[in-house]
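To start, the structure itself, in structure tokens.
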Amino acid sequence: MLRILRGSAQALAYAAFVAFIGYFSASPSYTHTDPDKALIRLSFSHAGAPVRPCRRLTQEELAQLAPNMRKPMDCPRERLALLVEVTLDGQLLHRGSLPPSGLRGDGSSTAYERFTVDAGRHSLGVRMRDTPRESGFDHQREWQIDLKPRQSVMIDFRSETGGFKLL
Amino acid sequence: MNPRSVVRQALERVESGFDAAFGARLNPLYQLGALGWFFYWIVAVSGLYLYVFFDTGIERAYASVEYMTHEQWYAAGVMRSLHRYASDALVVVVLLHLAREFVLDRYRGARWFPWFVGTPILWLIYASGISGYWVVWDKLAQYVAVATAEWLDALPIFGEPIARNFLHESVLSGRFFTLMVFIHIAVPLILLLVMWIHISRHTHARSNPPKALAIGSLAALVVLALAYPAVSQGPANLNEVPAVVSLDWFYLPLYPLFDRYSGLALWGLVGGVTLLLALLPWLPPKRVSAAATVHLDNCNGCGRCEADCPYSAITMVLRTDGAPFSQQAQVDDGRCVRCGICTGACPTATPYRRRSELVAGIELPQLSMQSLRDGTVAAVEKLRGDTKVIVYACDSAAARGLENDHTAVVNVPCVGHLPPALLDFTLTRRHADGVLLAGCRRGDCAFRLGIDWTEQRLAGLRDPYLRKRVPRERIHCVWAGFDGRAVLLREAAAFTERLRSLGSFKPGERGPAGAPAGTMVEN
């Protein structure tokens, strides 16, 4: 009798253990994004212009350099931070300054933002300043989009292929 | 009673329930570490099988997993489910193992090492599991890939966001995916190495659970795999947000937090918890007495202490004192847990010496053999009853209040500290009519091997043996632990009654033929 009781208790313990494992290995489900919404991601990597233009060294300055270091142009390594704005239906969705990467600030700036928006028709705009200009933008683009629920689109930027792209 | 004692008592009550169902030898709560190893091997073997059919390219990965799950459900499908469920079981037993060692205060002092090494084990387990979800390349994988990458990108160390690799089909990086497959194989191998380091300071480490428990656990997982097979959640589609996902809450409990808190805040949380766990053995540091000391005048280099030490704290080295023995014991203070099991193993720890000072070859300075013998004699001298019982209680036994007119209690760090010669001395010199050994629960000795070695010494299976002349029926072992006071009181009373019926010890007295090595009771 005791043996049967112990066997039953063991079976119960094993069953409880695997039930616990089985249930929590895939339940309860998690709603990461509202299924009725769509997602816009802004993601790119781009280097801003140098912080100042290159400058030709004078003869005196060149003479002060070691012979093997005498490059005629002095070009700064540091890059400008990018200014990026994203608009949706004319409303500013995001405005951010993207500093250059690297300890010397001489690397590319990277953007990664995500925006959960209502599905439906929208006017999506993006603009970026990557030069020392005081106002205005160097690159901008606007799209008319019809987003379905759960649709994910990505704004990319490739200077070599014409600037902003919607993927 | 401090909070830890309350939790400890509650834990022992739960364990008592498992003792009743499984018996102490098969109690899964005493085998959590060994079960962790067992589940690891199930994951490894099932993973090897799955790898045969798995396509490591991002284009075909999902299809290959679907083939295994549905077309070959009877083999690869079961293996996939076992792979997942054993991984989950691994997390459960490892977290329970960690919590249990904490409650039982088995992580400070000389035991800092396995605890400290256990911290990276947690990271490696999670890295193995999360990368595993990644390589299925279903909707959950897509969610895990992007969320993990976003979290990594919060650290200012990556030039270009890793998440970019998983945002759109046009930028999808098959090479990065293949790297994840490689990581899913490499990290578990590193985990195995660190698991080995984790137990490297334990002699006779339990890296295999008892066969019956292993078979039961495997059978239960196979039943689960057949009844509730692990399935994918639809192919990844980077043009669509995996809005609702079925999370594995054992591996991915932090992921919902990614949507609520910044990546850096979560790095702070996870890093802080990791640091706290790693430093816990010193918060506060354990106050410890002096480590076991070798007395070369009495050490003949037999090596029994080295063989019995549960923590590899003793090594035999070349003799340094010119005595005619090749070796001598040497104690590593940093590894010694002050259990005294080495003294129990020492053949020179014999209390019969009266002419010379009683000093064993290896002793705990705070509880020398001399003081143990004198303490025993002094304790029984106070007894007035007609039947005298001496209780040797380890620090984990609930022997408080056991003393009365005919029962004296002598505390030792571990029952393994008692050389069989001391029991012989106590009984055959008629200091007491019976000896009761009160220890931890069987299967859960606070010093790992104290109960095993004691039982084997009493049964004549391990050197030093209890001499045959010692009547076994006058030795009673109660392995009831911290929460076993009621059991101990009951057993002590019953033992006293039995001794009363036996009468006083007479030299030459023999127990019944085939008498066991002392009677033993478990809680």
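These protein sequence lines are chains F and L, in that order.
Numbering follows the numbering used here, with no gaps: position 71 of the first sequence is 1324.
Numbering follows the numbering used here, with no gaps: position 290 of the second sequence is 291.
Using N, Cα and C, we set each Cβ at its ideal position, and we do this for glycine too.
Under three-state DSSP, which class holds residue i?
i         : result
L/Val79   : helix
F/Phe1277 : helix
L/Ile163  : helix
F/His1299 : strand
L/His199  : helix
L/Phe483  : coil
L/Ile216  : helix
F/Met1254 : coil
L/Trp113  : helix
L/Ala292  : coil
L/Cys306  : helix
L/Thr344  : helix
L/Asn412  : strand
F/Ile1408 : strand
L/Glu102  : helix
L/Tyr312  : coil
F/Gly1389 : coil
L/Glu151  : helix
L/His432  : coil
F/Pro1352 : coil
Can you pull the chain L neighbours of residue i, defined as C-beta to C-beta under 7 Å?
i         : result
F/Phe1270 : Ala221
F/His1299 : Those within 7 Å of F/His1299 in chain L number zero; the least Cβ separation is about 10 Å.
F/His1347 : Correct list: empty, because the minimum Cβ distance to chain L is about 16 Å.
F/Gly1378 : Within 7 Å Cβ-Cβ: nothing; F/Gly1378 doesn't reach chain L, min ~19 Å.
F/Leu1420 : His169 and Ser171
F/Gly1415 : Near F/Gly1415 there are no residues of chain L at all, since even the closest Cβ is about 15 Å away, more than 7 Å.
F/Gly1360 : Gly160
Pull up the distance between the alpha-carbon of residue i and that of residue j, whole angstroms please.
i         : j         : result
L/Asn405  : F/Ala1264 : 43 Å
L/Leu190  : L/Asp154  : 26 Å
L/Ala244  : L/Asp260  : 12 Å
L/Leu168  : L/Ala481  : 59 Å
L/Gly34   : L/Leu97   : 9 Å
F/Asp1371 : L/Asn166  : 25 Å
L/Ala514  : L/Trp250  : Residue placement at L/Ala514 cannot be trusted, given a pLDDT of 46 that sits under 50; the coordinates are not used to answer.
L/Val195  : L/Ile126  : 11 Å
F/Tyr1283 : L/Gly235  : 16 Å
F/Ala1272 : L/Leu225  : 8 Å
F/Met1407 : F/Leu1318 : 48 Å
L/Trp197  : L/Thr388  : 51 Å
L/Val488  : F/Pro1288 : 59 Å
F/Ser1280 : L/Ala128  : 21 Å
L/Cys612  : L/Pro254  : For chain L, the structure presents residues 2 to 524; residue 612 of chain L sits outside this window and is missing.
L/Gly402  : L/Gly376  : 18 Å
L/Phe54   : L/Gly37   : 26 Å
F/Pro1306 : F/Ser1376 : 36 Å
F/Leu1336 : L/Leu219  : 58 Å
L/Val147  : L/Ala292  : 52 Å
Since residue i contacts residue j with CB under 8 Å, what's their CB separation in whole angstroms?
i        : j        : result
L/Phe40  : L/Ala90  : 5 Å
L/Pro420 : L/Thr497 : Contact doesn't hold; Cβ gap of about 25 Å is too wide.
L/Val392 : L/Ala400 : 6 Å
L/Gly341 : L/Leu365 : 5 Å
L/Gly440 : L/Gly451 : 7 Å
Listing by chain order, which chain F residues have their CB less than 7 Å from the CB of residue i?
i        : result
L/Phe251 : Phe1277 and Ser1278
L/Ala90  : Ile1274
L/Pro257 : Tyr1283
L/Arg165 : Ser1296
L/Leu225 : Val1271, Ile1274 and Gly1275
Output, in chain order, the set of chain L residues within a Cβ distance shorter than 9 Å of residue i.
i         : result
F/Pro1288 : Val242, Ala244 and Val245
F/Arg1403 : Glu241, Val242, Pro243 and Ala244
How would you list, in chain order, the residues of chain L whose beta-carbon sits under 8 Å from the beta-carbon of residue i?
i         : result
F/Ala1372 : Chain L residues near F/Ala1372: none, gap ~11 Å exceeds 8 Å.
F/Leu1292 : Val242
F/Ser1350 : Residues of chain L passing the Cβ test: none, with the nearest at roughly 15 Å.
F/Ala1266 : Phe19, Ala22, Phe23 and Pro29
F/Arg1259 : Ala21, Ala22, Phe23 and Gly24
Find the residues of chain F that neighbour residue i, judging by a C-beta separation of less than 9 Å, and give them in chain order.
i        : result
L/Ala398 : Residues of chain F passing the Cβ test: none, with the nearest at roughly 25 Å.
L/Val118 : The contacting residues do not exist; L/Val118 stays about 26 Å from chain F at best.
Could you work out which residues of chain C lie near residue i, taking near to mean beta carbons separated by less than 9 Å?
i         : result
F/Gln1344 : Any reference to chain C falls outside this structure, whose protein chains are F and L.
Less than 8 Å separating the Cβ of residue i from some heavy atom of the ligand NAD?
i        : result
L/Gln234 : Inclusion of the ligand NAD in the displayed structure is not the case, the ligand content being empty and no account of it being possible.
Query raised in the report: Are the segment 1344-1359 of chain F and the segment 1323-1331 of chain F touching, with three or more C-beta to C-beta distances below 8 Å?
Result: yes
Query raised in the report: Pairing CB atoms from the segment 204-224 of chain L with CB atoms from the segment 134-151 of chain L, are three or more of them under 8 Å?
Result: No: fewer than three Cβ pairs fall under 8 Å.
**Report entry** Validate contact between the segment 6-22 of chain L and the segment 481-492 of chain L using beta carbons, cut 8 Å, 3 pairs
**Finding:** Segment contact: the segment 6-22 of chain L against the segment 481-492 of chain L, three or more CB-CB distances shorter than 8 Å; contact assigned.
Query - Touching by the beta-carbon criterion (3+ pairs, under 8 Å), the segment 1266-1273 of chain F and the segment 60-76 of chain L - result: no
Query - the segment 278-291 of chain L touching the segment 309-326 of chain L, judged by at least three CB pairs closer than 8 Å - result: Contact fails between the segment 278-291 of chain L and the segment 309-326 of chain L, because fewer than three Cβ pairs, one in each stretch, are under 8 Å apart.
Query - Cβ contact (3+ pairs, closer than 8 Å) linking the segment 324-337 of chain L and the segment 291-307 of chain L - result: yes
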